Amino acid sequence: MADDERERLRATFTEDPALYDRVRPGYPEEMFDDLAGAADLGTGSLVLEIGPGTGQATVPMVRRGWEVVAVELGAAMAERARRNLRPYPRAEVVTAAFEDWPLPRRPFDAVVSATAFHWIDPDVRIAKSAKALRPGGVLATVATHHVKGGTVGFFHEVQACYERFDPATPPGLRLSPAAEIPYDRDEIESAEGFGPPEFIRYEWELAYSTEQYIDLLRTYSGHRALPPTARAGLLNCVAALADARYGGRVVKRYLTELRVARRQ
Ligand SMILES: C[S@@+](CC[C@H](N)C(=O)[O-])C[C@H]1O[C@@H](n2cnc3c(N)ncnc32)[C@H](O)[C@@H]1O
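Structure below.
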């Protein structure tokens with residue numbers, strides 16, 4: 001993705017932090033246990049989080065007693081995260097672009113980024129994470145994929161709405177089963193300073209009413225960035241399909257991939 005397109009899209013999340021907070025799912029609890037094991041994290045460990053949103057991964061981390069400094073680009077998003085983290089004095093949310101944020105002198109035990117690392121400048125994100133870590137610390141990134149499963153027929157049919165209203169949609173696009181999603185290994189394996197990455201994957205499903213599903217779509221940067229008429233047309237088309245053919249209930253299947261690489 002071109003730099004200006006990435007910067008335009010990544011700025012959309014903070015437009016409606018209340019919506020994001022209400023409808024974006026968190027992550028399987030098991031993932032944080034696995035992260036603790038893979039990264040040797042325990043009470044008092046110091047974690048830098050990149051792109052916390054409203055705290056979807058931050059809250060489970062501070063609940064485990066980890067001290068988290070979270071760097072969030074969107075001012076309104078950061079404000080909402082601070083509100084959610086008020087009960088946890090071990091969390092600090094800084095409003096900044098990670099690329100521009102001056103690293104503190106004290107090194108971190110882990111750098112964590114949940115569904116956010118792809119929004120960071122590719123020329124900066126790995127090298128700056130390495131700099132932020134103590135030797136032996138880990139870079140843990142979480143990727144979220146929508147995979148084949150759940151209400152399969154709905155996701156097959158909904159493609160027609162995208163082809164009609166979203167010019168960026170490749171024709172005939174179909175969801176892939178989780179087993180066909182490639183591991184996100186190239187960037188970290190070709191970077192200097194990290195050992196071989198470890199991957200742990202989780203597959204899970206969430207059921208949405210039509211209204212909840214439309215709200216979820218309204219949090220996605222690609223949907224937010226559509227011109228208003230196309231966006232309204234798309235969301236109406238999706239809602240009509242869910243109501244008319246699927247009884248107003250859609251099950252979405254998620255693949256969450258945790259990638260952990262140790263700084264050498
Ligand atoms: C898709 S959201 C993920 C939020 C949350 N971690 C989650 O798991 O739902 C991406 C987040 O990264 C933030 N972000 C994007 N670019 C950033 C940057 N350069 N520095 C810090 N945060 C950034 C966005 O504002 C947004 O809150």
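If you're matching positions, the sequence shown starts at 1 in full-length UniProt numbering and goes up one per residue. The beta-carbon is built from N, C-alpha and C at its ideal position, and this holds for glycine as well. In this text the structure is predicted, and so the values were computed from the model without any measurement.
Distance from the C-beta of LEU85 to the nearest heavy atom of ligand 1 is not below 6 angstroms.
Under the three-state reduction of DSSP, ALA191 is assigned to coil, being neither helix nor strand. Of all alpha-carbon atoms in ALA78, LEU41, ARG262, the one lying nearest the alpha-carbon of MET31 is that of LEU41. Note that the region 76-84 does not touch the region 139-158; fewer than 3 beta-carbon pairs, one per stretch, sit closer than 8 angstroms. The shortest C-alpha to C-alpha distance from ARG174 to any of TYR162, TRP101, GLU15 is the one to TYR162. The three-state reading of DSSP puts GLY153 in helix, counting H, G and I together.
Relative to ligand 1, even the nearest heavy atom lies 6 angstroms or more away from the CB of TRP204. Taken in chain order, the unbroken stretches of alpha helix (DSSP H) that lie wholly in the region 29-74 and span 4 residues or more are 29-39, 58-63.
Across the structure, ALA160 and THR115 are spaced so that their CA atoms are roughly 27 angstroms apart. For SER176, the secondary structure class from DSSP, reduced to helix, strand or coil, is coil.
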